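Below is one structure, written out as C-alpha cells; comments come after it.
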Amino acid sequence: MTGLPRRLRALPLRSRLALLVALAVAVAVAAAAAACWFVTREQLEGQLDDSLRKSPSVDKSYVTELLSSCRGADRGPVQSPGSYTLQIIDGAGQICPSPGSARIPATDQDVEVAAGERPGVLRSATDEDGRKMRVYTYRVVLRPSGESYAVSVARPESEVTDPLSGLAWVLVLVSGIGVLGAGAAGLWVARTGLRPVDELAHAVEHVARTEDLTVRIPAEGEDEITRLSRSFNSMTSSLATSRDRQAQLIADAGHELRTPLTSLRTNIELLARSDETGRAIPPEDRKALLASVKAQMTELAALIGDLQELSRPDAAQPGPLQVVALHDITRTALRRARLRGPELTITDELAPWYVRAEPAALERAVVNVLDNAVKFSPPRGTVDVRLDRGELTVRDHGPGIPAEELPHVFERFWRSPSARQLPGSGLGLSIVARTVHQAGGEIALRPADGGDGTVASIRLPGAPQPPPGH
C-alpha cells in the first residue's frame with residue numbers, strides 16, 4: 001500500500017490528475033451502476049412476487065381433475081394453468097404437479113398451509129429439473145367434501161436473473177466506456193488547466209538559466225493560477241529592483257569613496273616624497289597635511305559605517321525593541337551636537353515621551369538629524385529642538401531646501417548641489433528614515449514657517465507604559 005502513493009508521486013502532475021479523475025469517475029460510475037442494479041433487482045423481484053400473489057385463482061374443479069389424474073382416474077386431459085407451474089399438496093405432504101411440470105419439493109410450511117395453520121407462504125425453491133423457482137402457496141377447500149389442500153403456484157427465478165445479468169453486462173460496458181472517456185477528458189483538462197503552470201515553469205527555468213528578471217507571465221482572471229502568475233511577476237519585479245538598487249549602491253559607494261581616497265593618496269604621496277627627496281615640508285604645511293589625512297580617514301570610517309548600516313535589506317528585522325525614553329535619548333544627542341557646534345545656540349524643550357525602538361539605532365537617528373541642523377546652520381545661528389506628544393522637531397536657520405529637492409532627501413547618496421562641498425556621504429537621512437519606519441514612525445522635512453531654514457519632524461507612537469525606574 002505504501003508503494004502505490006510513491007509510484008503516483010513519481011508520475012507527472014498531468015498524469016496524476018488524469019488518473020485521479022478517472023479513478024473518481026470509476027468510483028462514481030461503479031456506485032451508480034451498483035445502485036441501479038440493486039434497485040432493478042428489488043423491483044423485478046417485487047413484481048415477480050406480486051404476480052404470484054395476484055395469480056388467477058385456480059378453479060376448484062381444476063383441482064379436483066388434477067387430483068383425480070394424479071390418483072389414476074381417467075377424467076380426460078388436464079390443461080396446464082398458463083405460464084405458471086402449479087402443484088397440489090395434501091395434508092400428508094403428497095405432491096400432485098400439473099402436467100408437464102417438474103415436481104417442487106414440499107416443505108413443512110406447505111403442509112401447515114394445507115392444514116389451515118398458515119394463510120400462505122412465499123419462498124424460493126429448486127424443482128426436480130434443477131431450476132430455481134419462486135413459489136407462492138395458499139390454501140384451497142373443496143366442497144362439499146370439505147377437504148383442504150395447499151396449492152403452490154411457481155414461476156422461474158430466471159425471469160428476474162436473466163434480465164439482471166443482461167443489465168449487469170450493459171452497466172459494465174457503459175462504465176468501462178465512461179471510465180475511458182473520463183480518463184481522456186481528465187488528461188485533456190489537465191493539459192489545458194496546467195498550461196499556465198507550464199508557462200510558469202518555463203519562465204522560472206529561463207530566469208534560473210539566464211538571470212533575466214524582465215520575464216513576465218500574462219495574468220488574466222482571478223483563479224489560483226493567475227494569482228501564482230501575479231506573485232511570480234511581483235517577485236521578479238522586486239528582485240530586479242533589488243538588483244538595480246544593489247548596483248546603484250555599489251556605483252554610488254565607489255563614487256563617494258573615490259574622492260576621500262584620492263585626496264588621502266595625494267596627501268600621503270606628498271609626505272612620502274618629502275621623506276624620499278629629503279626636502280622638508282614646512283611645519284605648518286605638514287601639520288595641515290596630517291590634519292587633512294586624519295579628517296579624510298574619519299570621513300572614510302564614517303562612510304564605511306554608514307554602508308555597513310545600509311548593508312541590511314530594507315525588510316531586515318531590527319534589533320530587540322525596548323521601551324526607551326525619547327527625551328533622554330534626545331538630551332544625549334544634544335550634548336554631542338553642542339560639542340560639534342559650540343558657536344551655535346541650541347534651544348530645547350523636551351516633554352517626556354516613551355517609545356518602543358532599538359535604543360542605539362534611535363540615538364544615531366536623532367544624532368544624524370541634529371548633525372544636519374548644525375552643519376547647515378550659519379555661524380552663531382540657532383537650532384530649536386522640541387519634543388511634544390511624540391513629535392520631535394528640529395529647526396535650523398540655514399539656507400533651507402528647495403521644494404523640488406525635498407522628494408529626494410531620503411534617497412541613498414543623494415546630496416543637494418549646494419551641499420556637495422560639505423562633508424558627508426548622503427546616507428545619514430536614509431539611515432534615519434529606515435530607523436524611524438522600523439519603529440513604526442514617520443519622518444518628514446519641510447521649509448520652516450516665517451523665515452529661512454528647514455524643519456525635520458520625527459513622529460513616533462508612544463509605548464504602552466514607561467520602563468521601570470522612570
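Under the UniProt record's numbering, the residue at position 89 of the sequence shown is numbered 89, and the numbers go up by one with no gaps.
We treat Cβ as the ideally placed atom computed from N, Cα and C, and that holds for glycine.
Predicted, not measured: the structure shown is a model, and the values here were computed from it.
is_contact[residue i, chain B] using C-beta, thresh 8 Å
i	result
Arg434	Absent from the structure is chain B; it holds one protein chain and no more.
Backbone CA spacing between residue i and residue j [nearest angstrom]
i	j	result
Ser107	Gly130	Sequence check: residue 107 is Thr here, not Ser. Each residue's alpha carbon lies about 17 Å from the other.
Pro144	Glu42	42 Å
Arg338	Asp396	14 Å
Gln438	Arg446	22 Å
Ala247	Arg258	16 Å
Arg459	Ile401	20 Å
Pro105	Gly178	46 Å
Met1	Asp50	Since pLDDT at Met1 reaches only 44, below the 50 mark, its modelled position is unreliable, and the value read off the structure follows with that caveat. Approximately 48 Å, taken between the alpha carbons.
Leu171	Leu180	14 Å
Val29	Ser175	6 Å
Ser242	Gly381	41 Å
Thr126	Ser15	52 Å
Pro461	Gly390	6 Å
Ala31	Trp37	10 Å
Ala433	Lys375	19 Å
Arg265	Asp275	15 Å
Val25	Ala190	15 Å
Pro99	Thr85	9 Å
Lys60	Val27	55 Å
Glu147	Ala114	9 Å
Gly398	Glu220	54 Å
Asp244	Ser237	10 Å
Ala92	Arg71	15 Å
Ser292	Arg340	18 Å
Asp198	Leu23	24 Å
Asp285	Lys294	14 Å
Spatial neighbours of residue i in its chain, beta-carbon cut-off 7 Å, leaving aside the 5 residues before and after
i	result
Leu200	Ile217, Leu228, Ser229, Phe232
Ile346	Leu334, Ala337, Arg338, Val383, Val385
Pro379	Glu343
Thr64	Leu142
Glu128	Ala102, Arg103
Residue from the options with nearest C-alpha to residue i
i	options	result
Asp110	Tyr149, Leu23, Glu128	Tyr149
Ala360	Arg335, Ala219, Thr435, Ala463	Thr435
Leu387	Pro283, Ile104, Ala325	Ala325
Glu45	Ala33, Met133, Gly120, Ala102	Met133
Leu67	Val383, Ser55, Gln94	Gln94
residue 479	Val394, Ser430, Leu460	Residue coverage of the chain in this structure runs from 1 to 470, which leaves residue 479 outside it and unanswerable.
Ala444	Leu271, Asp452, Gln47, Pro407	Pro407
Pro342	Gln322, Gly120, Ser377, Leu321	Ser377
Val153	Arg191, His206, Lys54, Gly176	Lys54
Met297	Ser263, Lys287, Pro119, Ala280	Ser263
Pro320	Asp328, Leu362, Val172, Leu86	Leu362
Glu224	Ala240, Leu213, Leu194, Val204	Leu194
Leu239	Glu220, Ala219, Val207, Arg265	Val207
Met235	Glu157, Tyr62, Asp212	Asp212
Pro119	Glu205, Val151, Gly453	Val151
Gly183	Asp275, Leu19, Ala456	Leu19
Ser158	Leu48, Ala456, Gln322, Glu205	Leu48
Cys96	Ser292, Thr192, Tyr62, Glu117	Tyr62
residue 472	Val293, Leu300, Trp188, Ala373	Because the chain is modelled from 1 through 470, residue 472 falls outside the range shown and cannot be assessed.
Tyr354	Asp371, Ala373, Leu392, Asn372	Leu392
Asp452	Ala403, Thr192, Glu284, Ala301	Ala403
Neighbour-count burial assignment, residue i, 16 or more Cβ in a 10 Å radius
i	result
Gln79	Reliability fails at Gln79, whose pLDDT of 48 lies under 50, so the model's placement of it is uncertain and no value is given.
Gly278	exposed
Thr330	buried
Gly186	buried
Ala34	exposed
Asp90	buried
Leu261	exposed
Gly424	Low confidence applies here, because Gly424 scores a pLDDT of 49, under 50, leaving its location unreliable and the question unanswered by this model.
Val39	exposed
Arg273	exposed
Leu370	buried
Thr332	exposed
Thr214	exposed
Contact set for residue i: own chain, Cβ-Cβ below 6 Å, skip 5 residues either direction
i	result
Ala419	The predicted model places Ala419 with a pLDDT of 49, which falls under 50 and marks its position as unreliable, so this point remains unresolved.
Arg123	Val135
Pro196	Ile225
Arg356	Leu321, Val323, Ala463
Leu52	Tyr136, Val153
Same chain only: Cβ atoms within 8 Å of residue i, ignoring 5 sequence neighbours per side
i	result
Leu289	Asn267, Leu270, Leu271, Ile281
His327	Leu350, Ala351, Pro352, Trp353, Leu387
Glu358	Pro318, Gly319, Pro320, Leu321, Gln322, Thr435, Gln438, Ala439
(Q) Contact between the stretch 158-170 and the stretch 138-150 is defined here as three or more beta-carbon pairs at a separation below 8 Å; is this criterion met? (A) The stretch 158-170 makes no contact with the stretch 138-150, as fewer than three CB pairs between them are under 8 Å.
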